[in-house]
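Numbering of the sequence shown is given in my numbering, commencing with residue 1 and proceeding in unit increments.
Data first, discussion second: the structure below is written as structure tokens.
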Amino acid sequence: MNYTPITEENVEKAATLYMNHYNQHSGGCWTYEKAYKRIRQMVTMEDSLCLMQEDDNDIPTGLVIGFLESYDEFTFYYLDEILIFGEYQNKGYGRLLLQEVEQRVRERGAQVIELVCPDDAHHMHFYGGFGMAEATNLKLMKKRL
């Protein structure tokens with residue numbers, strides 16, 4: 001596997017892959033402009049870590065977007081999204097990508113990876129396989145506007 005940082009120079013490629021995946025495999029209605037804006041916002045954040053995963057033939061298989069954030073002397077990586085493209089799912093690509101992320105953020109001083117994910121068996125199994133557990137002392141709060 002090859003892992004290439006997503007930067008302003010290649011954000012177009014990531015946005016197109018992102019849009020196509022969600023529109024073809026998840027019934028999404030993403031426009032290129034919205035996908036570009038979402039990926040670019042993450043890529044240009046200070047301390048972002050966004051990666052494109054490609055197989056040995058340089059075929060994109062997935063991507064991850066997120067950023068490191070510090071509180072006092074504590075640093076965590078907020079994994080905003082990990083995405084394995086449809087035809088590569090359930091083949092170990094997600095596990096490899098998350099292992100790469102874990103190694104890179106540990107090297108950058110993070111002590112925790114944090115994320116929000118759907119509350120279903122598939123996601124709980126995947127993330128639980130990495131030793132991740134539900135945060136019992138936190139609640140996701142939201143207000144619809």
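Virtual Cβ for every residue (Gly too), placed ideally from N, Cα, C.
What separation, rounded to the nearest whole angstrom, lies between the Cα atoms of residue i and residue j?
| i | j | result |
| --- | --- | --- |
| A35 | K91 | 25 Å |
| R38 | S48 | 13 Å |
| Y22 | P118 | 16 Å |
| N10 | M45 | 15 Å |
| W30 | L17 | 11 Å |
| Y3 | L145 | 38 Å |
Quick check on the burial criterion: 16 or more other C-beta atoms within 10 angstroms. Buried or exposed for residue i?
| i | result |
| --- | --- |
| F85 | buried |
| T136 | exposed |
| V43 | buried |
Consult DSSP for residue i and reduce its assignment to one of helix, strand or coil.
| i | result |
| --- | --- |
| N57 | coil |
| F126 | helix |
| I196 | The shown model of the chain, from 1 to 145, leaves out residue 196, and the question about it has no answer. |
| M42 | helix |
| T75 | strand |
| L68 | strand |
Could you say which of the options lies nearest to residue i if we only look at CA atoms?
| i | options | result |
| --- | --- | --- |
| T75 | I65, I113, L83 | I113 |
| V155 | N20, H122, E81, E33 | The displayed coordinates of the chain run from 1 to 145. Any statement about residue 155 would go beyond what the structure contains. |
| D58 | M42, K13, Y32, S70 | K13 |
| G66 | H123, P5, M132 | P5 |
| Y32 | H25, A15, R40, T61 | A15 |
According to DSSP, residue i sits in a beta bridge with which residue or residues?
| i | result |
| --- | --- |
| T4 | M52 |
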